[in-house]
Structure formats: C-alpha cells, structure tokens
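Only one structure is covered here, and it is reproduced in the block below.
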Amino acid sequence: MSHKPRVSILYCTQCNWLLRAGWMAQELLQTFSDRLGEVALLPGTGGVFEIRVDDALIWERKRDGGFPGPKALKQRLRDVIEPGLDLGHVDRSSGDGGSDPE
Numbered sequence: 004m005s006h007k008p009r010v011s012i013l014y015c016t017q018c019n020w021l022l023r024a025g026w027m028a029q030e031l032l033q034t035f036s037d038r039l040g041e042v043a044l045l046p047g048t049g050g051v052f053e054i055r056v057d058d059a060l061i062w063e064r065k066r067d068g069g070f071p072g073p074k075a076l077k078q079r080l081r082d083v084i085e086p087g088l089d090l091g092h093v094d095r096s097s098g099d100g101g102s103d104p105e
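Residue numbers for the sequence shown follow my numbering, so the first one is 4 and each next one is one higher.
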C-alpha cells in the first residue's frame, strides 16, 4: 500500500470529549498500526464529533446517533482502507459494537 490514509477525529472541547477522542485514536493505531499514515485529533466546538478517513466521513455523532464502539469504528475504517482485511476477534466477537449515545 503506497498511500497510507490519514484519520482525523474532530471533537468538541466544550463537551470535554478529548479523552474519548484520544481513546479512539489509540484503538485505531493499535489495530491498524502499519496501515495508517496519521491519526490527528482536531479540537472543535458545538457538540461536534466526526471521524474521517482522508476526506470520507465514516462517523458523525449526530448523524449516527452517538459515539461509535471500538468494534463498529474499526469495521468502518477497515471497510474504507482495506475491505478484505480480517480483523480477527473484532469481526467475530458477540457484542453489537454500536454507539454510545450521549
């Protein structure tokens, strides 16, 4: 893979979502370590929480009904950067991996 994608996490500083954004960045870096070029944390305001891969929006808190669970986020990222990639236990685990509304 020549181009390594850039993931950006735009989070609301007014809502104190830095720790959540940092935790999600850590999860992505741990799972996709050599497949990502960068994971950036971008401070914002107004209740915003968006995750993009390059220019593609893969999660938006208001649109998607809350925050992604690690399973759902990893699967959405994988579907954009390398659709055939087996995520191991993430693809086979029993929880729904859905969002955490907040």
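From the three backbone atoms N, C-alpha and C, an ideal C-beta is built for every residue, glycine too.
Look at the segment 31 to 102 and you find these whole runs of alpha helix (DSSP H), each 4 residues long or longer: 64 to 67, 73 to 84 and 92 to 95.
With respect to the 7 angstroms criterion, L88 and R95 are not classified as neighbours on the basis of their beta carbons. Put simply, the backbone Cα of G69 is about 11 angstroms away from that of V51. Distances from the CA of Q29 to each of V93, I84, P46 and K77 were compared; the closest alpha carbon is that of K77.
Going by DSSP, S11 is part of the beta strand (DSSP E) stretching over R9 to C15.
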